[in-house]
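Enquirer:
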Amino acid sequence: MGSGTSTQHHFAFQNAERAFKAAALIQRWYRRYVARLEMRRRCTWNIFQSIEYAGQQDQVKLHDFFSYLMDHFTPSSHNERDFLTRIFTEERFAQDSQMEKCSDYESIEVPDSYRGPHLSFPLLPDHATALVEAFRLKQQLHARYVLNLLYETKKHLVQLPNINRVSTCYSEEITVCGDLHGQLDDLIFIFYKNGLPSPERSYVFNGDFVDRGKDSVEILMILFAFMLVYPKEFHLNRGNHEDHMVNLRYGFTKEVMSKYKIHGKEILRTLKDVFCWLPLATLIDEKVLILHGGVSDITDLELLDKIERCKIVSIMRCKTRQKSENQMEEQRIANQKSSAQGPIPWFLPQSRSLPSSPLRLGPYKAHKSSRSSSIPSGGSLDGRELSQRVRSSVELELERCRQQAGLLVTEEKEEPSCSASETDSDTGELRKPTQEEWRQVVDILWSDPMAQEGCKANTIRGGGCYFGPDVTEQLLQKYKLQFLIRSHECKPEGYEFCHNRKVLTIFSASNYYEVGSNRGAYVKLGPALTPHIVQYQANKVTHTLTMRQRISRVEESALRALREKLFAHSSNLLIEFKKHDVDKVGLITLSDWAAVVESVLHLGLPWRMLRPQLVNSSADNMLEYKSWLKNLAEEQLSRENIQSSLLETLYRNRSNLETIFRIIDSDHSGFISLDELRQTWKLFSSHMNIDVTDDCICDLARSIDFNKDGNIDINEFLEAFRLVEKTCPEGDASECPQATNAEDSGCSSPGTC
Amino acid sequence: MADEKDREETAVAEFHKKIKEAFEVFDHESNNTVDVREIGTIIRSLGCCPSEGELHDLIAEVFTPGSEGTPHLHVPADAIEIVQIHSDSQSFLEEEEPTGYIRFEKFLPVMTEILLERRYRPIPEDVLLRAFEVLDTAKRGFLTKDELIKYMTEEGEPFSQEEMEEMLSAAIDPESNSINYKDYISMMVIDEN
């Protein structure tokens, strides 16, 4: 009708409808925006994880390198022989007797000028609290107190069983924390939010206290102090990073040496002992098992209870009892079976995943053949030869590995404190762990859960296994447990349940990859042992950023790392790109780009999603790959006169090189000689089939030897090519980014280094 | 004609790769399934902009409800309380949500067709601007915080509290307590690229 009211209604209705539609449109648009952010966040996370795991595989290659050396290298000169000897025998320290080392701290004087915390023993709760406060104020504990504390810690640890049994009836609740990795801020935050340890407040710290972060020493001091003060309520489990060989690679050794220039060596040596005396697991009310990595299908808690845990010093050093001939034969068979997959480093178990066979749940003995170790890589050999090599090189390998550490005396004196607590009647010889004992421990410290059923070798980590929900279930039932708490893996939310909520991963290092990358968490277990999880992120900055800003920051960091990785494989990428550029016009499709990048880098990343951020310009869906590679190279800061290919090679092998250098630098001085550098490089490059001349490396090294005394500062060497802005001379039309022009220094001229 | 067919085949092949990649990002268990609650993110990041209603219809086409496989994101409310500290949202409890998963084999053909037909196209900037202008009845060039909240949580396909808070954190100018929507759109668009 024509009345005013209905027209008004009509308008009103129309307006309402328009508003409704407008709102719906805005919401629709916004949700898409958020979804894209979420996808970016996920991709970023994948980047960090895959780079981290790819780095861990390096460790495996490093081990192969040492095997290779022994198998293939024949020193051709006096110098080289000397050098090899130096790598493989340890540097004796001035002081002879290792035994007295332990109580040597008394001779260390604390100067009056020292402003840090003072400790006296027996330790009181106030001391521990004072430590936390002192470290919060960025003070450093004097070496004397460090050593004293370590000495007392070891005395305490020696009395503890392998599996700590804890009861909740003595305290109201127990708080379990995961990896801290040297991030003191997170520890302080936990104590701030949850309260300091006390007789009413129990704590379990589940390993990986050190490496990567910058305050590993301080964390150890706090944790050990509280453990001494509240021995019944404060518990520590060993993690895979409580291992001096791993520390060489991931930063803890470096941190100690830089904070304690005079006494660092001694501290490291003592720590090596302390680490292998850490308990392996904690059991709460006989119901909740807490351990660092995970379990395997052969995990045997009774066996674990009985072994001498101090014998298992490091994952890179497996000193086990002589193998029987039988085992060697089984090994050979197993090796032949697996040869199709390619050689697996010797300390890894073979793949154990069988298609739904009941056998895999059988007792250990049934698994022996499939769990024996494999051979070091180093060329194609047939089965028989393999077994012979295995026989000889395994023993050599073991011996060599042990000596590589350069931190221990020879076998007779080894771990004297260990033998003090055992009674070995037979020969008086120190008992070594059996292969099985060693495996049990490695499984506990290195394994990860997986979604699929079964149990297979953890090839990414290079130790332990992947265990499925059936393995968890089997273990829980066997020992009548409720659930498992473990750590070892970073999770975006700081925690994650899996295996039907029977396994809880708890990770306490927030911002692990990058500021804003993830939360940390800890879990409190009440009287009914129900888990109550608290998350946090120990950085106020991220708190004030919007989600978008947070994601951008982390993303940029991940992309930078990824671009560096891409650069490190420039040569191979170029070769593969060319294969797709059939007409040789210098262009490939973006689809081909994605395929090539994955085939070279093997990171399993969603390259098509990442492409917009990695490839700047592409006309018509085609990419000029040469200029793209060149841009990658230019982004990496480097010194002048370094061949791009050399740079690339150094990047690719950086962590391994660093580890080797630190092993060579057996007295941890931070320096190696020019000659050693050259030798190392020569050996390394021949093994890795790296095609860069020794002279190039030499020149590089010489340019870094600032004071010209023939010694290279390891840190400087590793970081030098990152420091200086590269002024890239324009290449000519030649193909490779490594085009050198006439001014490039004497890589073509044979020089003596 | 043959040429066009070739082109379509190549396009389909490319779509398949893209879809697979996006899917795998959320396939945590590497068993070609994703949790149903992530499928919206996947579809949207492949360039589509469906409404919630359209999304639900889509999911119905590919959804497998239930008890097989255990999406480990699902946590019953009674057993766990998550307290977030140092974060802008206050404590929340995980709610019971329908569980289930999407299999890749089912998802792929449906998604491929969506891409081929160019359905659920993203919203152009000017259309978005006009939508804001509709809500800005007084034509001031901005919306107050309260107005934005009212519209976003009461009209259309309402935001959850979390969504609302997140939008506010980036959109609202704390001094004026309002959103200048033109600037906001420009900022978001730059960020996208």
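Residue numbers (numbering that gives the first Met the number 0), protein chains in the order written: chain A, 0 to 752; chain B, 0 to 192. Glycine residues also receive a C-beta, built at the ideal position from the N, C-alpha and C atoms.
(1) Residues of chain B with CB under 7 angstroms from Y202(A), in chain order?
(2) With distance defined between alpha-carbon atoms, name the residue in M256(A), D214(A), W276(A), H262(A) nearest to E241(A).
(3) Taking its Cβ as the centre, do 16 or more other Cβ atoms sit within 10 Å of R760(A), making it buried, or is it exposed?
(4) Using 8 angstroms as the Cβ pair cut-off and three pairs as the minimum, do the stretch 445–458 of chain A and the stretch 293–311 of chain A touch?
(5) Pick helix, strand or coil for I18(B), following the three-state DSSP scheme.
(6) Could you give the residue range of the beta strand (DSSP E) that holds N510(A)?
(7) Consider the Cβ of T111(B): report whether some Cβ of chain A lies at a distance smaller than 8 angstroms.
(8) Which residue from F141(B), E13(B), Y100(B) puts its Cα closest to that of V61(B)?
(9) Mind pulling the chain A residues with CB within less than 9 angstroms of F103(B)?
(10) Which residues, taken in chain order from the stretch 156–188 of chain B, show a beta carbon closer than 8 angstroms to some beta carbon of chain A?
(11) Where does K213(A) sit, in a helix, a strand or coil, going by DSSP?
(12) Apart from the five residues just before and just after A127(A), which ones in its own chain have a Cβ nearer than 6 angstroms to its Cβ?
(13) Following the continuous alpha helix (DSSP H) through H55(B), name the residue where it begins and the one where it ends.
(14) At least one CB of chain A closer than 8 angstroms to the CB of I148(B): is that the case?
(15) With 8 angstroms as the C-beta to C-beta threshold (strictly closer), list the residues of the stretch 18–49 of chain A near chain B in chain order.
(16) Can you name the residues that DSSP bridges to H667(A)?
(17) Taking the C-alpha atoms as reference points, what is the distance between L36(A) and S598(A)?
(18) Any idea which residues DSSP pairs F204(A) with across the strands?
(19) In chain A, what lies closer than 9 angstroms to K16(B) by C-beta?
(20) Excluding the 5 residues flanking Y465(A) on each side, which residues of the same chain have their C-beta closer than 6 angstroms to its C-beta?
(21) Starting from C454(A), trace the beta strand (DSSP E) both ways and give me its first and last residue.
(22) With DSSP collapsed to three states, give me the class of N163(A).
(23) I'd like to know whether the C-beta atoms of V33(B) and F25(B) end up nearer to each other than 8 angstroms.
(24) So, is Q586(A) buried or exposed, given that buried needs 16 or more other C-beta atoms within 10 angstroms?
(25) Determine the burial state of I261(A): buried for a count of at least 16 other Cβ atoms within 10 Å of its Cβ, exposed for fewer.
(26) So, at 6 angstroms on beta carbons, what are the nonlocal neighbours of Y119(B) in its own chain, with the 5 sequence-adjacent residues on each side left out?
(27) Rounded to a whole number of angstroms, what is the C-alpha to C-alpha distance between S338(A) and Q158(A)?
(28) What whole-angstrom Cβ distance do I443(A) and A280(A) have, given they're in contact under 8 angstroms?
(29) If you follow the beta strand (DSSP E) that V33(B) is in, where does it begin and where does it stop?
(30) Run through the DSSP bridge pairs and tell me what T143(B) is partnered with.
(31) With a 10 Å radius around its C-beta and 16 neighbouring C-beta atoms as the bar for buried, classify T136(B) as buried or exposed.
(32) Let me confirm a value: N652(A) is counted as buried when at least 16 other C-beta atoms fall within 10 Å, else exposed. Which label applies?
(33) Within this structure, are the beta carbons of L179(A) and R485(A) separated by less than 8 angstroms?
(34) Considering Cα atoms alone, identify which of F141(B), E8(B), I189(B) is closest to N176(B).
(35) In the DSSP assignment, find the alpha helix (DSSP H) that holds Q160(B) and state where it starts and stops.
(36) Answer yes or no: does any C-beta atom of chain A fall closer than 8 angstroms to that of V24(B)?
Expert: According to the structure shown:
(1) Within chain B, no residue comes near Y202(A); the closest Cβ sits about 18 angstroms away, beyond 7 angstroms.
(2) W276(A)
(3) Residue 760(A) is absent from the model: chain A starts at 0 and stops at 752.
(4) yes
(5) helix
(6) Careful: N510(A) lies outside any beta strand (DSSP E) and carries neither H nor E.
(7) no
(8) Y100(B)
(9) Chain A residues near F103(B): none, gap ~14 angstroms exceeds 9 angstroms.
(10) E156, P157, F158, E162, E165, M166, S168, A169, M187
(11) coil
(12) A224, F225, V228
(13) 51–61
(14) no
(15) A18, F19, K20, A21, A22, A23, L24, I25, Q26, R27, W28, Y29, R30, R31, Y32, V33, A34, R35, E37, M38, R41, C42, N45
(16) According to DSSP, which records beta bridges pairwise, H667(A) is partnered with nothing at all.
(17) 27 angstroms
(18) C176(A), L235(A)
(19) S590, A593, A594, R607
(20) D447, M449, K455, N457
(21) 454–456
(22) strand
(23) yes
(24) It is Leu, not Gln, that sits at residue 586(A) in the sequence shown. Label assigned to L586(A): buried.
(25) exposed
(26) C47, C48, P49
(27) The predicted model places S338(A) with a pLDDT of 38, which falls under 50 and marks its position as unreliable; any figure quoted below should be read in that light. Rounded to the nearest angstrom, the two C-alpha atoms are 45 angstroms apart.
(28) 7 angstroms
(29) 32–34
(30) S177(B)
(31) exposed
(32) buried
(33) no
(34) F141(B)
(35) 160–170
(36) yes
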